[in-house]
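Number of protein chains: 4
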Amino acid sequence: MHVKIFTTGGTIDKVYFDAKSDYVVGEPQIIEILRQANVTVHYEVETLFRKDSLDLTDADRAVIVERVRHEPARHVLITHGTDTMIETARALRSVPGKTIVLVGSLSPARFKHTDAEFNIGFAMATVQAMPEGVYIAMNGRIFDPERVRKNRAMNRFEPA
Amino acid sequence: MHVKIFTTGGTIDKVYFDAKSDYVVGEPQIIEILRQANVTVHYEVETLFRKDSLDLTDADRAVIVERVRHEPARHVLITHGTDTMIETARALRSVPGKTIVLVGSLSPARFKHTDAEFNIGFAMATVQAMPEGVYIAMNGRIFDPERVRKNRAMNRFEPA
Amino acid sequence: MHVKIFTTGGTIDKVYFDAKSDYVVGEPQIIEILRQANVTVHYEVETLFRKDSLDLTDADRAVIVERVRHEPARHVLITHGTDTMIETARALRSVPGKTIVLVGSLSPARFKHTDAEFNIGFAMATVQAMPEGVYIAMNGRIFDPERVRKNRAMNRFEPA
Amino acid sequence: MHVKIFTTGGTIDKVYFDAKSDYVVGEPQIIEILRQANVTVHYEVETLFRKDSLDLTDADRAVIVERVRHEPARHVLITHGTDTMIETARALRSVPGKTIVLVGSLSPARFKHTDAEFNIGFAMATVQAMPEGVYIAMNGRIFDPERVRKNRAMNRFEPA
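These protein sequence lines map, in sequence, to chains A, B, C and D.
Numbering-wise (the working numbering), the first sequence opens with residue 7 and increments by one.
Numbering-wise (the working numbering), the second sequence opens with residue 7 and increments by one.
Numbering-wise (the working numbering), the third sequence opens with residue 7 and increments by one.
Numbering-wise (the working numbering), the fourth sequence opens with residue 7 and increments by one.
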């Protein structure tokens, strides 16, 4: 089993700079999370973007799809901002022969209280256990991208 | 989808009491971990034991097997100390018609740096995604209880 | 010994809202920090503002000075954003007969890695131990507001 | 200002080893705490013991007293287990011309929720701000070693 991980940014990687009193998308947090959990399955991490998912353009999305299509690994995990995660997941349905899982977090990984570690763990099992297809792994559930929506008021993913 | 969770103790639930200058098994930490991750899949938590797994007796193990056997839910997750997790997993093979996942952590959930949140996330996906059978979910891998060992020197689970 | 604590906002109280993908000033974090540290000295917390210190106006600063002047307690601690902390400290020199300590943090208290708990501990001792006067308690040092500057490039307070 | 820090062990430095399902006194946590808080006052850390304070012998205590007596720095901070902290503080009254502060924590520094960072911050200000003498810095208060007791039932230091 080999898992290829692409990072694209999003809340999970948000850091805070006092100098600017602002947040920016920083280093991929999944690297430290996998290290801290002593994960021994074979994996490789590659950064594609460091963007809020609202800032991902159609051209960016096309890059993600092409990189996944030409990736030799059959198991692909993508960390992604939650606002357009469903849109990217739907674009990835054109890629055959792979199990593709999108995951993010609703609170930055650097916070004391965050869903980041749980979500990454959840996605790492989903990408190993599920058959070919594209999935969204959020709120402890495995969603079909055709039957999910982000409820912004409740700040969670729900069946749709 | 409904997940039944049994807790039996182990390192994941260890707390520290200064009065005794000692660690003891405390409240099940999975409750707080699932709450913090905003998990919306339906689940129920029940405590069976609060023991180091080295202290679990054959009688205790028989209780675990019987409780799982008579549990109506098809998806069962068990938090368990790592030292005898494999032994309990093998005893559970006699239970038909269920997906049963055992998980623990190598560092207490109350630590700043711990594998607990990742592992619980990993196990929650495993119990939803895998077919009937008994599995050990540790170190980011889904193990068959017949083909795994705990490497005590390296403090991790490995294929055997 | 009784310590009066005024909170005015700043990085220490920053929270993150995914819905807005932005940080805002939230509940005063000093309350939870003092509770977690089992602080038994008598204290009282009152919120004056929830602002980035760059957004504090001259009128706001006059409110702070008047509230401290009319506060019966002799020991006053103020949590404050770091960008204009020195300016507020200098304005408070007109208040006689009190030990007044300003403190903040360079990383939000809700982060896993933050200077918030250390700084609040440092300030709580400073306000109890120092003679009458106004002090800035940052980076493990007790500064005279006349002889300190914030080095923005290094993101720390230094003698000036 | 130069602060000399001696570490002697205690709960603050407790780590957990799953291999033994036991805790031991580990590396001095004050080093990482001071680094994370970006402390810029000049300090030096030296480890004398790594013991539960109940295991410190009269000979160990004599070593602490002699090391402090011959230490050139006027400001000395000692991290120490809480069970015999008062006894060590009283032994140190024979050392003239120094401000000596003893501090520890009731929960290990490696825990998510701990009094360690606050207490170290509190002690670092106490050792800089107080006149010559020996002090215990716990629970947000500066205690005279002659007028303090550890209330084991409440797990806190109180006036006595």
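Beta carbons: idealized from backbone N, C-alpha and C, even for Gly.
{"Query": "So with Cβ pairs under 8 Å, would you call A:Ser100 a contact of chain C?", "Result": "no"}
{"Query": "Using a beta-carbon distance below 8 Å, is C:Asn125 in contact with chain D?", "Result": "yes"}
{"Query": "With a threshold of 8 Å between beta-carbons, can B:Arg162 be considered close to chain A, or not?", "Result": "yes"}
{"Query": "For A:Ala166, does the three-state DSSP call read helix, strand or coil?", "Result": "coil"}
{"Query": "Cβ of B:Val31 within 8 Å of Cβ of B:Lys57?", "Result": "yes"}
{"Query": "For D:Met91, which residues in the same chain have their Cβ closer than 7 Å to its Cβ, ignoring the five residues on either side in sequence?", "Result": "Ser59, Leu108, Gly110 and Ile142"}
{"Query": "Does DSSP classify A:Ala25 as helix, strand or coil?", "Result": "At A:Ala25, the pLDDT of 48 sits below 50, so the modelled position is not reliable and the matter cannot be decided from this model."}
{"Query": "Sorted by chain position, which residues of the same chain lie with C-beta nearer than 7 Å to D:Arg153's C-beta, five sequence neighbours on each side aside?", "Result": "Pro165 and Ala166"}
{"Query": "Taking 8 Å as the cut-off, does the segment 83 to 99 of chain D touch the segment 81 to 99 of chain C (at least 3 CB pairs, one atom from each stretch)?", "Result": "no"}
{"Query": "So is C:Pro114 buried or exposed if we call it buried at 16+ other beta carbons inside 10 Å?", "Result": "buried"}
{"Query": "With the cut-off set at 8 Å, would you say C:Thr132 and D:Ala131 are in Cβ contact?", "Result": "yes"}
{"Query": "Locate the beta strand (DSSP E) running through B:Thr13, then write down its first and last residues.", "Result": "His8 to Gly15"}
{"Query": "For the 8 Å Cβ check, are there 3 or more pairs between the segment 119 to 129 of chain C and the segment 33 to 51 of chain C?", "Result": "yes"}
{"Query": "Assuming contact is defined by CB atoms lying nearer than 8 Å, are B:Asp61 and A:Asn44 in contact in what I supplied?", "Result": "no"}
{"Query": "Cutting at 6 Å between CB atoms, please list the residues of its own chain near C:Asp89, excluding the five before and the five after it.", "Result": "Ser59 and Leu60"}
{"Query": "I think D:His86 touches D:Gly139, with their Cβ atoms under 8 Å apart; what is that distance to the nearest whole Å?", "Result": "The pair is not a contact, with the Cβ atoms about 17 Å apart (cut-off 8 Å)."}
{"Query": "Given that C:Arg158 touches chain D, what residues does it touch there, using C-beta distances under 8 Å?", "Result": "None at all; the shortest Cβ gap to chain D is about 14 Å."}
{"Query": "Strictly below 7 Å CB to CB, what residues from chain C border D:Ile148?", "Result": "Ala131, Gln134 and Ala135"}
{"Query": "Following the continuous alpha helix (DSSP H) through C:Phe117, name the residue where it begins and the one where it ends.", "Result": "Run containing C:Phe117: none; DSSP gives neither H nor E here."}
{"Query": "To the nearest angstrom, how far is it from the Cα of C:Asn136 to the Cα of D:Asp64?", "Result": "The residue you asked about is not Asn; residue 136 of chain C is Met in the sequence shown. C:Met136 and D:Asp64: Cα-Cα distance of roughly 35 Å."}
{"Query": "In this structure, how does DSSP classify C:Gly103 when only helix, strand and coil are distinguished?", "Result": "coil"}
{"Query": "With DSSP run on the structure shown, which of helix, strand or coil describes C:Leu54?", "Result": "coil"}
{"Query": "Hey, would you say C:Met7 sits closer than 8 Å to C:His81, going by beta carbons?", "Result": "yes"}
{"Query": "So, does the CB of D:Phe55 fall closer than 8 Å to a CB anywhere in chain B?", "Result": "no"}
{"Query": "So which residues on chain C does A:Arg41 lean against when the C-beta distance must stay under 7 Å?", "Result": "Near A:Arg41 there are no residues of chain C at all, since even the closest Cβ is about 15 Å away, more than 7 Å."}
{"Query": "So, does the CB of C:Ala5 fall closer than 8 Å to a CB anywhere in chain D?", "Result": "The structure shown does not extend to residue 5 of chain C, since chain C spans only 7 to 166, so no value can be given for it."}
{"Query": "If distances are taken between C-alpha atoms only, which option among A:Val74, A:Arg147 and A:Met144 comes closest to A:Thr53?", "Result": "A:Val74"}
{"Query": "Taking A:Arg155 as part of the alpha helix (DSSP H), name the residues at either end of that continuous run.", "Result": "A:Arg155 -> not in any alpha helix (DSSP H); beta strand (DSSP E) instead, spanning Val154 to Asn157."}
{"Query": "Report the neighbours of C:Phe128 on chain D: residues whose CB is nearer than 7 Å to its CB, in chain order.", "Result": "Gly127, Phe128, Met130 and Ala131"}
{"Query": "Spatial neighbours of C:Asp19 within its chain, please: CB distance less than 8 Å, with the 5 preceding and 5 following residues excluded, ordered by chain position.", "Result": "Thr13, Val31, Gly32, Glu33, Pro34, Gln35, Arg56, Thr85, Pro114 and Ala115"}
{"Query": "Give the list of continuous alpha helix (DSSP H) stretches no shorter than 4 residues that lie fully inside the segment 29 to 78 of chain B.", "Result": "36 to 42 and 64 to 75"}
{"Query": "At a CB-CB cut-off below 9 Å, which residues of chain D make contact with B:Tyr22?", "Result": "Thr17, Lys20, Tyr22, Tyr29, Ser113, Pro114 and Phe117"}
{"Query": "Take C:Gly146 and list the residues in its own chain whose beta-carbon comes closer than 8 Å to its own, dropping the five residues that flank it on each side.", "Result": "Phe124 and Phe128"}
{"Query": "With DSSP as the reference, label A:Arg96 as helix, strand or coil.", "Result": "helix"}
{"Query": "Taking only the alpha-carbon atoms, compute the straight-line gap between B:Leu118 and C:Ile148 and give it to the nearest angstrom.", "Result": "The sequence shown places Lys at residue 118 of chain B, rather than the Leu named in the question. So the two alpha carbons sit approximately 29 Å from each other."}
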